[in-house]
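S.K.: I'd like to ask you about the structure that follows.
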Amino acid sequence: MADALVAGGWGLFAGAALLVGAVAGSFFSVPPRWVALIMAFGSGVLISAVSFDLMAEAHELGGTVPTAAGALGGAGLYSLANVLLSRHGARHRKRSGDQQPSEQEQPGSGNAIAVGALLDGIPESVVIGTSLLGGGHVGTATVAAVFISNLPEGLASAAGMQRAGRSRTYIFTLWTAIAVISALAALAGYTLLGDASHTTMAAITALAAGAILAMIADTMIPEAFEQAHLLTGFTTVLGFLTAFMLSHG
Numbered sequence: 005m006a007d008a009l010v011a012g013g014w015g016l017f018a019g020a021a022l023l024v025g026a027v028a029g030s031f032f033s034v035p036p037r038w039v040a041l042i043m044a045f046g047s048g049v050l051i052s053a054v055s056f057d058l059m060a061e062a063h064e065l066g067g068t069v070p071t072a073a074g075a076l077g078g079a080g081l082y083s084l085a086n087v088l089l090s091r092h093g094a095r096h097r098k099r100s101g102d103q104q105p106s107e108q109e110q111p112g113s114g115n116a117i118a119v120g121a122l123l124d125g126i127p128e129s130v131v132i133g134t135s136l137l138g139g140g141h142v143g144t145a146t147v148a149a150v151f152i153s154n155l156p157e158g159l160a161s162a163a164g165m166q167r168a169g170r171s172r173t174y175i176f177t178l179w180t181a182i183a184v185i186s187a188l189a190a191l192a193g194y195t196l197l198g199d200a201s202h203t204t205m206a207a208i209t210a211l212a213a214g215a216i217l218a219m220i221a222d223t224m225i226p227e228a229f230e231q232a233h234l235l236t237g238f239t240t241v242l243g244f245l246t247a248f249m250l251s252h253g
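Using this note's numbering, the first residue of the sequence shown is number 5, and each one after it goes up by one.
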């Protein structure tokens, strides 16, 4: 039980970065270019974690077939859900500019954004929980990667939500709820999958990796490139190397 609570605590810690970023985005006027650069850095961090931690761990556990199937399944499920949510106003949920629709422009878009935030965060949280099973070595690097990438996500989203006319109460309640759900998802990943076979664990880890990689390509990199342009690639590599050194230090 104590180990399960530790997993939930790490999930809460990683998810809380969203709220920290949201507070910064709501109370401080951060230049869009800086938001974009932080988003690019966070993208690189997650790409590294997906490549060297999640996919490597999945392949070690189950081999090529369940790893590839899981990754494709995760990317497919994320992309399908993202298409459906985009039609209801959540397409630009990570954007810091005026792309997000208000409730007057598109009723129900606030709920779609909330569900989209869950869609983005749950795979990361589940894999935090599973990575800690049996003294797994993925945990620390994965938690650090998720935390670092969540900061710009919360910052950019909060800035965009305010420009769309959403209140600070709505923004802080949303990200607090996401942080709590992140803790529950990490807890569930640890408790429900403790007896899973290596093949099942490989497929689930790869599924989360595929969903995260699709999320980076669909939502984070477009926000970064829109403002940072030619600096996006360099900053993404900096984030990639930071996470690489965390996982191989």
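All C-beta atoms, glycine included, are put in the ideal place defined by N, C-alpha and C.
How many angstroms separate the CA atom of S47 from the CA atom of R91?
M.R.: Along the sequence shown, read from residue 1 onward, the residue named residue 47 stands at position 43. Along the sequence shown, read from residue 1 onward, the residue named residue 91 stands at position 87. Distance between the alpha carbons of S47 and R91: 24 Å.
S.K.: Considering only residues of the same chain and omitting the five flanking positions on each side of T240, which have a CB-CB separation below 6 Å?
M.R.: For the purposes of this step, residue 240 is taken as residue 236 along the sequence shown, with counting starting at 1. Cβ neighbours of T240 beyond the five flanking positions: A44, S47 and G48.
S.K.: For the stretch 18 to 25 against the stretch 148 to 158, do three or more pairs of beta-carbon atoms, one drawn from each stretch, fall closer than 8 Å, so that the two count as touching?
M.R.: In the pairwise beta carbon analysis, the stretch 18 to 25 is classified as touching the stretch 148 to 158: at least three pairs are separated by under 8 Å.
S.K.: Go through its chain and collect everything with a Cβ distance to T173's Cβ below 7 Å, but skip five positions before and after it.
M.R.: Reading the sequence shown from its first residue, position 169 is the one you call residue 173. Result list for T173: empty, nothing under 7 Å.
S.K.: Let me confirm a value: E64 is counted as buried when at least 16 other C-beta atoms fall within 10 Å, else exposed. Which label applies?
M.R.: Within the sequence shown, the letter at position 60 stands for residue 64. Under this definition E64 is an exposed residue.
S.K.: Below 8 Å on the Cβ atoms is my contact criterion, and I expect M205 with T134 to pass it. Report the Cβ-Cβ distance as a whole number of Å.
M.R.: Within the sequence shown, numbered from 1, the residue matching residue 205 stands at position 201. Within the sequence shown, numbered from 1, the residue matching residue 134 stands at position 130. Confirmed, about 7 Å.
S.K.: Just to confirm the assignment: which complete beta strand (DSSP E) runs, minimum length 3, are found wholly within the stretch 37 to 100?
M.R.: none
S.K.: Is the Cβ-Cβ distance between A210 and G74 less than 8 Å?
M.R.: Translated into the one-based positions of the sequence shown, residue 210 becomes position 206. Translated into the one-based positions of the sequence shown, residue 74 becomes position 70. Cβ atoms of A210 and G74: closer than 8 Å.
S.K.: Is it true that the stretch 123 to 130 meets the stretch 183 to 192, where meeting means three or more beta-carbon pairs spaced less than 8 Å apart?
M.R.: yes
S.K.: Any chance the stretch 223 to 235 sits against the stretch 31 to 44, with 3 or more Cβ pairs inside 8 Å?
M.R.: Using a C-beta cut-off of 8 Å, the stretch 223 to 235 makes contact with the stretch 31 to 44, since at least three inter-stretch Cβ pairs fall below that distance.
S.K.: Roughly how many angstroms lie between the CA atoms of S78 and M59, to the nearest whole one?
M.R.: Translated into positions along the sequence shown, residue 78 becomes position 74. Translated into positions along the sequence shown, residue 59 becomes position 55. Note on identity: in this sequence residue 78 is Gly, with Ser being the wrong assignment. Straight-line Cα distance between these residues: approximately 12 Å.
S.K.: Just to confirm the assignment, what range does the alpha helix (DSSP H) spanning A183 have?
M.R.: Taking the sequence shown and counting its residues from 1, one reaches residue 183 at position 179. From DSSP, the alpha helix (DSSP H) with A183 extends over R172 to L196.
S.K.: Which same chain residues, not among the five before or five after A40, have their C-beta less than 6 Å away from its C-beta?
M.R.: The count along the sequence shown starts at 1 and reaches residue 40 at position 36. Closer than 6 Å at the Cβ level, and outside the excluded window around A40, lie A228, Q231 and A232.
S.K.: Under a Cβ-count criterion, where at least 16 other Cβ atoms within 10 Å of its own Cβ denotes burial, should L245 be classed as buried or exposed?
M.R.: By one-based count along the sequence shown, residue 245 stands at place 241. Exposed, since its Cβ has fewer than 16 Cβ neighbours within 10 Å.
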